[in-house]
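Heads up, the thing below is written out as structure tokens.
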Amino acid sequence: MTTEELFAKQTEEQARQQSLKNRILCCTAAGCVSCGADSLRHALSTEIEAQGKAGSVEVCGTGCMGLCGRGPLVYSTADRKLYGGVTAENAPALVSDNELDRMALAPNAVDLEMPFFSKQVKIVLANSGRVDPEKLNDYIAVGGYQSLAKALEEMNPRQVAEEIKKSGLRGRGGAGYPTGLKWELVAKQVPTTKYVVCNADEGDPGAFMDRSVLEGDPHRVLEGMAIAGYAVGARQGYIYVRGEYGLAIQRLQTAIKQAEREHLLGSRILEQGFQFRIDLRIGAGAFVCGEETALIASIEGKRGQPRQRPPYPPAKGLWGAPTLINNVETFANVPTIIERGAEWFAGIGTPSSKGTKVFALAGKIANPGLIEVPMGATLRQILFEIGGGVKGQKLKAAQTGGPSGGCIPEELLDTPVDYESLAKIGSIMGSGGLIVMDDTSCMVDVARFFMEFCMDESCGKCIPCRAGTLQMHDILERITSGQATDEDLEMLKSLATLLQETSLCGLGQTAPNPVVSTLKYFGEEYAAHIHEKRCPAGHCQMQPAEQEVTA
Amino acid sequence: MATLTTPQVSAVAVKDNREKMLDRAMSRHQYSGDALIEVLHTAQELYGFLSPELLKSIAHKLRLPPSRVLGVATFYHFFSLKPKGEHTFVVCLGTACYVAGGLGLIGRLEHRCAKSGQTTPDGKVSVETARCIGSCGLAPAVIYDGKVMARVTPEGIETELDKIGVK
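Line by line, the protein sequences are chains L and X. 225 is the number that this note's numbering gives to position 218 of the first sequence; each next residue is one higher, with no gaps. 196 is the number that this note's numbering gives to position 152 of the second sequence; each next residue is one higher, with no gaps.
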């Protein structure tokens, strides 16, 4: 496909879609599928046939529409309305163009003006819920692959990297390294064999952003990677995706095949000199593989154990070659930055953190789901305006950053969400999991839960992490069963510092964060467990004999 | 960690079609040792689990030391060196599911079936836990034979167990 053909295809597909009387977009992301979206979609197709509207009404599966708590979700272009909790019984009304029939849908209508939608700014999720992730034409219709065309035709590789640098985009995997700078580092390397790797090993418990992006808009990530390949001079890319994400893997495989067939990936991209292949590498369930050097070892078919840095992957990465590693969400931002320009992107967010961030809202919240907000929005806005507040009990803490992050108490909810502000209060941006806890959650037990996670997931290479997480977990276990003393608490604090300072990789260095932050903000809960042998949340069983069985 | 004392796959079974399919997967990667994880994924898909014979044969064909193959197979949670039960319950214990009561579900399964990570002696049900299956909006979630069940209650687990005739 040439660029002209790409534009022609876009016009053609747009015209086709507009000629339809109704397009019924049916969310087929994991959340909606588990409450019956597949059978609903089937019922809609059958109903279209039954009403003899095959030529004028079409049903498409799309990625996540965001409001997972109200699934299955369906959007109808005929009346531009979103419907929640739809069942097969609603199918005749959804397909019908009779006003009276459609009245029956009123109770299912979701208010698109509600803060959940109106307060969001969508870049990464712009197409999620709008395009069919299994149809290349759908992506082309909304301007897909035009950023790649623009980069190849109007810019040289250096200008592309420069544009990303000017945009102020920072790594969305959690650490926040400036993306443009990383691209330049790789571009500057002398060796001609280079690699681009997309880190889709989203292991944080409570995070499902990357999964939703891959499931809902896989071509966006492929396009972002191809642009990166052009900028740094790589011909081969890998996506390292979690083995648990079956649907994402399947959709990526389909998307790669489609793009290769149309010369949007592979050799002679857009009939120009640039070539770039993308292969999938399926992870096998090791959290530590989210660390870049462990991820590289895993792609090479080895045990996923990190190694000492430097040399950093931009100098020596996959098979010793210069390697660019970015997160899914980072790559997903790239096509839009190239399309709309660095200035536009830099206009969103705060002075140090530009653009938007996708969060996965979960836990005790009214609207669990997937959201995208401009950087600098406060946690209170996210939780209470978009998230709809806490269900039932009073909010106790918001947890960001998974096992490497921290628990943020109610009084700090006015903290703006950007890399520096979150770090200042002892948490991290992380990849974007945001879990709300209420009065029934015991913060000591939450710290124990995360420590158990890190203990299990420690790769065992360096001693501080291997032995330290075990010791810290032991102490936390004793605290939650009412057997700990003040000395234990002192030991816990000193171990926390030791792990932070001496572990080899990010897993061990950040493993104490949940402990440190809960000690800082919920110290009285630790005291109650130790001195009064009492759990204020009523969660922990204080008789050692009745300890909970954990996996 | 899992050990090598696992039930054996009969020599006959290894000689069937699956062997050919596994060979095809290895040749697609030019029998390169770098593709070990891909090959193990395919092997597990075909055979359900990785037996010692299977691991040895993979090591031989990819020209890798058996220790490296075993090392990789035991490092990653995804690979199983033991056969799975007829039905599998994977209880998510990610943060959202944990906070929403995932432990109660595990308790119920362990009470009626087997300890987490194990299979009932009759080979009917395997009980497993996951670190987060990314379905946090549906907490607590359980993957039952590959399908995600949302907002599961201990009673819901009981119902499913009754359906498949677990005592």
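Each residue gets a CB set at the ideal place from its N, CA and C atoms; glycine is no exception.
Looking at residue j and residue i, is the spacing between their C-beta atoms short of 7 Å?
| i | j | result |
| --- | --- | --- |
| Cys-33 of chain L | Val-81 of chain L | yes |
| Met-65 of chain X | Leu-99 of chain X | no |
| Met-444 of chain L | Lys-403 of chain L | yes |
| Lys-28 of chain L | Val-66 of chain L | no |
| Arg-284 of chain L | Gln-243 of chain L | yes |
| Gly-38 of chain L | Gly-136 of chain L | no |
| Val-220 of chain L | Phe-338 of chain L | no |
| Gly-73 of chain L | Gly-376 of chain L | yes |
| Ala-140 of chain X | Ile-442 of chain L | yes |
| Leu-325 of chain L | Val-239 of chain L | no |
| Gly-178 of chain X | Cys-75 of chain L | no |
| Ile-246 of chain L | Leu-287 of chain L | yes |
| Phe-529 of chain L | Met-450 of chain L | yes |
| Ala-158 of chain L | Glu-191 of chain L | no |
| Met-549 of chain L | Val-365 of chain L | no |
| Gly-187 of chain L | Ile-171 of chain L | yes |
Excluding the 5 residues flanking residue i on each side, which residues of the same chain have their C-beta closer than 6 Å to its C-beta?
| i | result |
| --- | --- |
| Lys-145 of chain X | First, the amino acid is wrong: residue 145 of chain X is Gly here, not Lys. For Gly-145 of chain X, where only same-chain residues beyond five positions count, the Cβ hits under 6 Å are Pro-184. |
| Ala-513 of chain L | Looking at the sequence shown, residue 513 of chain L is not Ala but Gly. Result list for Gly-513 of chain L: Glu-298, in chain order. |
| Cys-472 of chain L | Ser-465, Ser-510 and Gly-515 |
| Ala-241 of chain L | Lys-201, Tyr-202 and Val-203 |
| Leu-48 of chain X | Low confidence applies to Leu-48 of chain X: its pLDDT is 41, below 50, so where it sits in the model is not reliable enough to give any reading. |
| Ser-305 of chain L | Cys-296 and Gly-311 |
In chain order, what residues of the same chain have a beta carbon less than 7 Å from the beta carbon of residue i, not counting five sequence neighbours either side?
| i | result |
| --- | --- |
| Gly-151 of chain L | His-226 and Glu-230 |
| Glu-12 of chain L | none |
| Lys-361 of chain L | Ser-174, Gly-175, Leu-176, Phe-352, Ala-353, Ile-355 and Met-382 |
| Leu-108 of chain X | Gly-77 and Leu-80 |
| Phe-123 of chain X | Leu-84, Gln-88, Leu-94 and Ala-117 |
| Thr-9 of chain L | Leu-277 and Glu-278 |
| Arg-156 of chain X | Leu-205 and Val-210 |
| Asp-189 of chain X | His-131 and Thr-132 |
| Glu-484 of chain L | Arg-455 |
| Tyr-142 of chain X | none |
Provide the residue span of the beta strand (DSSP E) that contains residue i, from first to last.
| i | result |
| --- | --- |
| Tyr-247 of chain L | 243-248 |
| Gly-3 of chain L | Limits of chain L in this structure are 8 at one end and 558 at the other, which puts residue 3 of chain L out of reach. |
| Asn-206 of chain L | 202-207 |
| Cys-33 of chain L | 29-34 |
| Asp-445 of chain L | 440-445 |
| Thr-37 of chain X | Residue numbering for chain X in the displayed model covers 45 to 211; residue 37 of chain X lies beyond these limits and cannot be assessed. |
| Ser-83 of chain L | 81-83 |
| Gln-312 of chain L | Segment: none, Gln-312 of chain L is in no beta strand (DSSP E) and carries neither H nor E. |
| Gly-376 of chain L | 376-381 |
| Glu-307 of chain L | It is not in any beta strand (DSSP E) - Glu-307 of chain L carries neither H nor E in the DSSP assignment. |
| Leu-287 of chain L | 284-289 |
| Glu-65 of chain L | 64-69 |
| Ala-454 of chain L | No beta strand (DSSP E) holds Ala-454 of chain L; the alpha helix (DSSP H) holding it covers 450-464. |
| Tyr-90 of chain L | 88-90 |
Let's see if you can read the secondary structure: which residues bound the alpha helix (DSSP H) around residue i?
| i | result |
| --- | --- |
| Met-193 of chain X | Where Met-193 of chain X is concerned, there is no enclosing alpha helix (DSSP H), although the beta strand (DSSP E) it sits in stretches over 191-193. |
| Ile-234 of chain L | 225-239 |
| Ile-537 of chain L | 530-538 |
| Lys-431 of chain L | 426-431 |
| Thr-203 of chain X | 198-207 |
| Gln-265 of chain L | 253-268 |
| Glu-56 of chain L | 44-57 |
| Gln-21 of chain L | 10-26 |
| Thr-118 of chain X | 110-119 |
Excluding the 5 residues preceding and the 5 following residue i in the sequence, name in chain order all residues of the same chain whose CB lies nearer than 8 Å to its CB.
| i | result |
| --- | --- |
| Gly-399 of chain L | Lys-371 and Asp-445 |
| Thr-385 of chain L | Leu-420, Asp-421, Thr-422, Pro-423 and Val-424 |
| Tyr-90 of chain L | Leu-80, Val-81, Tyr-82, Ser-83, Asn-97, Leu-101, Leu-112, Asn-115, Ala-116 and Val-117 |
| Val-192 of chain X | Ile-177, Ser-179, Leu-182, Ala-185 and Val-186 |
If we require 4 or more residues per run, which alpha helix (DSSP H) segments fall completely within the stretch 488-519 of chain L? 493-509 and 513-517
In chain order, what residues of the stretch 418-446 of chain L put their CB closer than 8 Å to some CB of chain X? Gly-440, Ile-442 and Met-444
Closer than 7 Å, Cβ to Cβ, to anything on chain L: give me those residues from the stretch 127-139 of chain X, in chain order. Leu-137, Gly-138 and Thr-139
Identify every run of the alpha helix (DSSP H) within the stretch 322-362 of chain L, keeping only runs that are complete inside it and at least 4 residues long; order them along the chain. DSSP runs (the alpha helix (DSSP H)) wholly in the stretch 322-362 of chain L: 335-347 and 349-353.
Which whole runs of the alpha helix (DSSP H) in the stretch 154-200 of chain L are 4 residues long or more, in chain order? 164-174 and 186-195
What are the residues in the stretch 305-325 of chain L lying within 9 Å of chain X by C-beta distance? Ser-305, Ile-306, Glu-307, Gly-308, Lys-309, Arg-310, Gly-311 and Gln-312
Looking at chain L, which residues of the stretch 174-187 of chain X have a Cβ within less than 8 Å of any of its Cβ atoms? Listed by position along the chain: Ala-174, Arg-175, Cys-176, Ile-177, Gly-178, Ser-179, Cys-180, Gly-181, Leu-182, Ala-183 and Ala-185.
Against chain L, which members of the stretch 112-126 of chain X pass a CB distance test of less than 7 Å? Gly-115, Val-116, Phe-119, Tyr-120, His-121, Phe-122 and Phe-123
Output needed in chain order: residues of the stretch 226-253 of chain L with a Cβ under 7 Å from some Cβ in chain X. Gly-250, Glu-251 and Tyr-252
Taking Cβ-Cβ distances below 8 Å as the criterion, which residues of the stretch 389-406 of chain L are in contact with chain X? Gln-406
Quick one: which residues of the stretch 83-99 of chain X get their C-beta closer than 8 Å to a C-beta of chain L? List them in chain order. Leu-84 and His-85
Which of the residues in the stretch 336-348 of chain L, read from start to end, lie with their CB under 7 Å from any CB of chain X? none
Taking a cut of 8 Å between CB atoms, which residues from the stretch 196-218 of chain L lie near chain X? Against chain X - using a Cβ distance shorter than 8 Å - the residues of the stretch 196-218 of chain L are Glu-209, Gly-210, Asp-211, Pro-212, Gly-213, Ala-214, Phe-215 and Arg-218.
By the 7 Å beta-carbon criterion, what residues does the stretch 461-481 of chain L contribute toward chain X? none
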